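A quick write-up on the structure given underneath.
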Amino acid sequence: MNHDTQSCTDPNVIEAKVVDGSCGHDGPFGAAGVKRLKSIGMIDSVPGMKALDMNAAEDAIVRLTREIVPGMIVTGMEGPTFGAMMISGQKAAHLALKDLGQPNAQDGTFSLQPELVLAAAGILIVDA
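Okay, so the sequence shown: first residue is 1 according to full-length UniProt numbering, each after it adds one.
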């Protein structure tokens with residue numbers, strides 16, 4: 001199958017205040033939202049996959065979870081162990097809450113069971 005010129009799925013249309021792109025994998029059908037942002041000039045590049053170094057990947061997955069354009073949050077959900085995937089997903093959820101003006105751990109306004117918040121304000125947020 002020629003993945004560069006055809007797809008076996010219909011186009012998807014999304015209308016949302018915040019979108020969480022969490023597929024992560026850079027295969028023919030992966031990272032579709034990020035690839036689309038590049039094709040319309042909203043971002044400069046899609047870094048692509050790199051060799052997996054588990055010692056560096058765990059921290060990088062969480063550190064690089066961020067809003068890359070207004071309303072589009074990316075998480076690293078493929079490659080790392082479950083711990084980094086869980087923390088990355090939680091960080092993305094709190095970034096989305098922040099975008100929506102809701103209490104969140106990123107700006108310290110989240111107060112329900114703080115012992116369960118792993119993606120707290122102390123986690124470095126990388127600019128897009």
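All C-beta atoms in this analysis are idealised placements derived from N, C-alpha and C, irrespective of residue type, glycine included.
Computed from a prediction, not measured in an experiment: that's the story for all the values here.
Residue 109 and residue 92 have their alpha carbons spaced roughly 16 Å apart.
Linking residue 45 to residue 102 through their CA atoms gives a straight-line distance of about 31 Å. Within the same chain, Cβ atoms closer than 6 Å to the Cβ of residue 65 are found at 75, 88, 91 and 92, the five residues on either side in sequence being excluded. Checking the DSSP bridge columns, you'll see residue 72 partnered with 19 and 69.
DSSP, reduced to helix, strand and coil, places residue 12 outside both helices and strands of the structure shown, so it counts as coil. For residue 21 and residue 67, the gap between their C-alpha atoms comes out near 10 Å. Within the same chain, Cβ atoms closer than 7 Å to the Cβ of residue 104 are found at 94, 97, 98 and 110, the five residues on either side in sequence being excluded.
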